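Asker:
2 protein chains.
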Amino acid sequence: MATITLDTRHFLDHISLDCVIFGFHDNELKVLTLQIKTTLESALPGGFLKKDETLEQAASRVLKERTGLDEIFLKQFKVFSDPSRSNENPQNPLAVDPKLPYNFEFFNKRFISVGFYALVDFTKVKPAPDFYSLEWQWNNVNEPVKYIIDHRNIIDEALEVLRLQLRHQPIGYNLLPDRFTMPELQKLYETILGRELDRRNFQRKIHSYKILNKLGERKKGGAHKSPFLYEFNLENYQKALNEGLNGTW
Amino acid sequence: MATITLDTRHFLDHISLDCVIFGFHDNELKVLTLQIKTTLESALPGGFLKKDETLEQAASRVLKERTGLDEIFLKQFKVFSDPSRSNENPQNPLAVDPKLPYNFEFFNKRFISVGFYALVDFTKVKPAPDFYSLEWQWNNVNEPVKYIIDHRNIIDEALEVLRLQLRHQPIGYNLLPDRFTMPELQKLYETILGRELDRRNFQRKIHSYKILNKLGERKKGGAHKSPFLYEFNLENYQKALNEGLNGTW
DNA sequence: GCAAAAGTGTTAGTCCTACACCCATGG
DNA sequence: CCATGGGTGTAGGACTAACACTTTTGC
Numbered sequence: 047m048a049t050i051t052l053d054t055r056h057f058l059d060h061i062s063l064d065c066v067i068f069g070f071h072d073n074e075l076k077v078l079t080l081q082i083k084t085t086l087e088s089a090l091p092g093g094f095l096k097k098d099e100t101l102e103q104a105a106s107r108v109l110k111e112r113t114g115l116d117e118i119f120l121k122q123f124k125v126f127s128d129p130s131r132s133n134e135n136p137q138n139p140l141a142v143d144p145k146l147p148y149n150f151e152f153f154n155k156r157f158i159s160v161g162f163y164a165l166v167d168f169t170k171v172k173p174a175p176d177f178y179s180l181e182w183q184w185n186n187v188n189e190p191v192k193y194i195i196d197h198r199n200i201i202d203e204a205l206e207v208l209r210l211q212l213r214h215q216p217i218g219y220n221l222l223p224d225r226f227t228m229p230e231l232q233k234l235y236e237t238i239l240g241r242e243l244d245r246r247n248f249q250r251k252i253h254s255y256k257i258l259n260k261l262g263e264r265k266k267g268g269a270h271k272s273p274f275l276y277e278f279n280l281e282n283y284q285k286a287l288n289e290g291l292n293g294t295w
Numbered sequence: 047m048a049t050i051t052l053d054t055r056h057f058l059d060h061i062s063l064d065c066v067i068f069g070f071h072d073n074e075l076k077v078l079t080l081q082i083k084t085t086l087e088s089a090l091p092g093g094f095l096k097k098d099e100t101l102e103q104a105a106s107r108v109l110k111e112r113t114g115l116d117e118i119f120l121k122q123f124k125v126f127s128d129p130s131r132s133n134e135n136p137q138n139p140l141a142v143d144p145k146l147p148y149n150f151e152f153f154n155k156r157f158i159s160v161g162f163y164a165l166v167d168f169t170k171v172k173p174a175p176d177f178y179s180l181e182w183q184w185n186n187v188n189e190p191v192k193y194i195i196d197h198r199n200i201i202d203e204a205l206e207v208l209r210l211q212l213r214h215q216p217i218g219y220n221l222l223p224d225r226f227t228m229p230e231l232q233k234l235y236e237t238i239l240g241r242e243l244d245r246r247n248f249q250r251k252i253h254s255y256k257i258l259n260k261l262g263e264r265k266k267g268g269a270h271k272s273p274f275l276y277e278f279n280l281e282n283y284q285k286a287l288n289e290g291l292n293g294t295w
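Protein sequence lines, in the order shown, are assigned to chains A and B. Residue numbering for the first sequence follows my numbering, beginning at 47 and increasing consecutively. Residue numbering for the second sequence follows my numbering, beginning at 47 and increasing consecutively.
(1) What residues in the stretch 58-82 of chain A bring their beta carbon closer than 8 Å to a beta carbon of chain B?
(2) Is the stretch 202-214 of chain B touching the stretch 241-261 of chain B in the sense that three or more CB pairs, one from each, lie closer than 8 Å?
(3) Does the stretch 52-63 of chain B come into contact with the stretch 75-84 of chain B, if we say contact requires no fewer than three beta-carbon pairs (one atom in each stretch) closer than 8 Å?
(4) Of the residues F162(B), R156(B) and G262(B), which one's Cα is nearest the Cα of T227(B)?
(5) CB-CB under 7 Å to P273(B), same chain, minus the five flanking residues each way: which ones, in chain order?
(6) Classify E189(B) as buried or exposed, calling it buried when 16 or more other Cβ atoms lie within 10 Å of its own Cβ.
(7) Alpha carbon to alpha carbon, how far is P216(A) from F177(B)?
(8) When you compare the stretch 161-177 of chain A with the stretch 113-125 of chain A, are there three or more beta-carbon pairs, one atom per stretch, that lie closer than 8 Å?
(9) The alpha helix (DSSP H) with V207(A) in it runs from where to where?
(10) For chain B, is any of its Cβ atoms less than 8 Å away from the one on T54(A)?
(11) Cα-Cα, which of E102(B), N199(B), L291(B) and I158(B) is closest to K96(A)?
(12) Run through DSSP, which three-state label would I252(A) get?
(13) With 8 Å as the threshold, decide whether the Cβ of Q122(B) is near any Cβ in chain A.
(14) Quick check: what's the CA-CA separation for P91(A) versus I82(A)?
(15) Could you confirm whether any beta carbon from chain A is found closer than 8 Å to the beta carbon of K97(B)?
(16) For a contact meaning CB atoms closer than 9 Å, what does P173(A) contact in chain B?
(17) Name, please, each residue of chain B whose Cβ falls closer than 8 Å to the Cβ of T100(A).
(18) Please compile the residues from chain B whose C-beta is within a distance smaller than 8 Å of the C-beta of R156(A).
(19) Where DSSP assigns a beta bridge to H71(B), which residues make up the other side?
(20) Measuring CB to CB, does T169(B) end up less than 8 Å from P223(B)?
(21) Given F123(A), which residues of its chain have a CB within under 8 Å of its CB, disregarding the five upstream and five downstream residues?
(22) Determine, using beta carbons only, whether K155(A) and D64(A) come nearer to each other than 8 Å.
(23) In terms of alpha-carbon separation, which member of G267(A), K271(A), T84(A) and Y276(A) lies closest to Q249(A)?
(24) Compare the C-beta of V160(B) against all C-beta atoms of chain A and say whether one is closer than 8 Å.
(25) Would a C-beta distance cut-off of 8 Å place I201(B) and V66(B) closer than the cut-off?
(26) Which stretch, first to last residue, makes up the beta strand (DSSP E) that contains E313(A)?
(27) Tell me the DSSP secondary structure of I158(B) in three-state form.
(28) Check the C-beta distance from I252(A) over to R209(A) and give it rounded, since I have them as a contact under 8 Å.
(29) Would you kindly work out how many angstroms separate the C-alpha atoms of Q34(A) and E87(A), rounded to a whole number?
(30) Within 10 angstroms of its Cβ, does D72(A) collect 16 or more other Cβ (buried), or is it exposed?
(31) Just tell me which of S254(A), D196(A), E236(A) and K271(A) has its CA closest to the CA of N282(A).
(32) Please report how far the alpha carbon of E99(B) lies from the alpha carbon of F153(B), in whole angstroms.
(33) Report the rounded CA-to-CA distance for A286(B) versus Q211(B), giving the unit in angstroms.
(34) Should H197(A) go down as buried or exposed, given a rule of 16 or more other Cβ atoms within 10 Å for buried?
(35) When DSSP labels each residue in this structure, what does A104(A) get in the three-state scheme?
(36) Have a look at the DSSP bridge pairing and note the partners of Y193(A).
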């Protein structure tokens, strides 16, 4: 497993970004994190801004490098600028492990971090070896895991924005496999919202958005009545993204 | 009129902030801007981040310094990071006027700017002399004024976020005088939304939020039937801010 | 007393909510 | 054949949108 080296000369000082990468699996909303072995804490994958790119390009590059995914839903949601969140903070294990192969002068400064959140298809993510050879891990968003610095807070804020997005935009295309069932989509909504929804009303509402194509087939193999399979109608989905939905979840 | 000098030693490199300061006057939504005499362009008031403060503190400080206002509604809404928006851009008149009393080495770098928007009471703003002795000016948001760099875009994005805010949170406390009439509040909503609302449905909806105290008096002096005066019920207003409204404007 | 603006009320339609019922599948 | 989950339908209530009527004020 090769360690990717990190040449800090191309990066702007003081500015970083952190990605909250949401995935959906086993009826749970999960966040892709890095496990820090020395302290057993989790950290969000982050990155830095090259001198000739926008933050969006940087976030997209970081995600591509680390998850292999391209063209996924990616959005900045807040800047975290508390002076105490810098890497000089001894709570940040990246700042205290001298064995890590990076440029201390660059890292041990105050960082303003732009938070991005991404929605990805859990099954398609193949995390690349981390810069620091940390281990990748999918954490359940609600699990009381210990995170470095303010990463717990960054996740919570991302989740709140995601919930808001749910009210105005369709969601799911990036989080679900290409073909899925109505109960699966409903589970996704319920998981994000943190509460149960009525099965029948959910179907009616989703159908009223006209963002789904019903496929002839049904999902077989499970017990009980087999549900229909759906795929997203990308044209209408995109239109709904642009125009908004005005829903009341 | 004294020129405020700008000691750049306390600021972080590469990071700035721009404020879209909304005010409401003459039934128009206005933005507080600086007029650049040489090119007749407008610019948003901006500032920099001190080494020991958060972005929110910096924005609050900048607003206090420049408008005299304290404890106003202030919120970051987006980061603008296009590499071409730097001060090296010859379109930025701040970069090309050698008479201006500032540290060129600091300014002529690439800047990532965090956009804030503020809601202020038009009548209470007393703009302080600008660092560069530029002139203050209230621009109508829709007026086709020429702005430096990407400031037109920053305003448009702020307006969009403001419209979204309207759907989930009460608005007006920061934009209207302490006592106001229902038609004035309605005009504010109509101006932000860019469309007309039904007078009677508006009243009912606003009242359902229970964020207003009806005062006994009426506003006199104008022609026609005199409208009642209202003030915001701050306790409920604050509660509504925290809990959200779920409106459909 | 007339025009314009503001206060109050009503009604039809839409949307949300909360249910009941039937059907398919595996054990 | 029964337990469980999935597909479809319907009635009640809340909320919205559209509109009518009355009241106040300045000219």
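C-beta: ideal position from N, C-alpha, C; glycine also. Every value quoted in this text rests on a predicted model; they were computed, and no experiment measured them.
Answerer: In short, the structure shows the following:
(1) When CB distances to chain B are screened at a threshold of 8 Å, the residues of the stretch 58-82 of chain A falling below it are L58, D59, H60 and I61, in chain order.
(2) Using a Cβ-Cβ distance cut-off of 8 Å, the stretch 241-261 of chain B and the stretch 202-214 of chain B are not in contact, since fewer than three pairs of beta carbons, one from each stretch, lie closer than that value.
(3) The stretch 52-63 of chain B is not in contact with the stretch 75-84 of chain B.
(4) Answer by Cα proximity: G262(B).
(5) Around P273(B): T227, M228, P229, R264 and K265.
(6) Exposed.
(7) Approximately 46 Å, taken between the alpha carbons.
(8) Yes, the stretch 161-177 of chain A touches the stretch 113-125 of chain A.
(9) In the DSSP assignment, V207(A) falls within the alpha helix (DSSP H) that extends over H197 to H214.
(10) No, T54(A) does not count as interfacial toward chain B.
(11) The shortest C-alpha separation from K96(A) is found at I158(B).
(12) Here I252(A) sits in helix by DSSP.
(13) Chain A, which has a Cβ nearer than 8 Å to the Cβ of Q122(B), makes this yes.
(14) Cα to Cα, the separation comes out at about 12 Å.
(15) So yes, K97(B) belongs to the interface.
(16) Simply none; closest approach about 26 Å.
(17) The contacting residues are S127, D128 and P129.
(18) Contacts between R156(A) and chain B, judged by CB atoms closer than 8 Å, involve L58 and K97 in chain order.
(19) Answer by DSSP bridge pairing, in chain order: E74(B).
(20) Yes, the pair counts as a contact, with Cβ atoms nearer than the cut-off.
(21) For F123(A), where only same-chain residues beyond five positions count, the Cβ hits under 8 Å are G161, F162, Y163, E203, A204 and V207.
(22) Between K155(A) and D64(A), the C-beta gap is not smaller than 8 Å, which leaves the two residues out of contact.
(23) It is Y276(A) whose Cα lies nearest to the Cα of Q249(A).
(24) Yes, contact with chain A.
(25) At the C-beta level, I201(B) and V66(B) come within 8 Å of one another.
(26) Outside the displayed span of chain A (47 to 295) sits residue 313(A), for which this structure offers no information.
(27) Here I158(B) sits in strand by DSSP.
(28) About 17 Å separates the two Cβ atoms, so there is no contact after all.
(29) The question about residue 34(A) has no answer, for chain A in this structure spans 47 to 295.
(30) D72(A) comes out exposed.
(31) The shortest C-alpha separation from N282(A) is found at S254(A).
(32) Each residue's CA atom was taken as its position, placing E99(B) and F153(B) some 20 Å apart.
(33) If I take the Cα positions, the gap works out to 12 Å.
(34) Burial call: buried.
(35) It is helical.
(36) According to DSSP, which records beta bridges pairwise, Y193(A) is partnered with S88(A).
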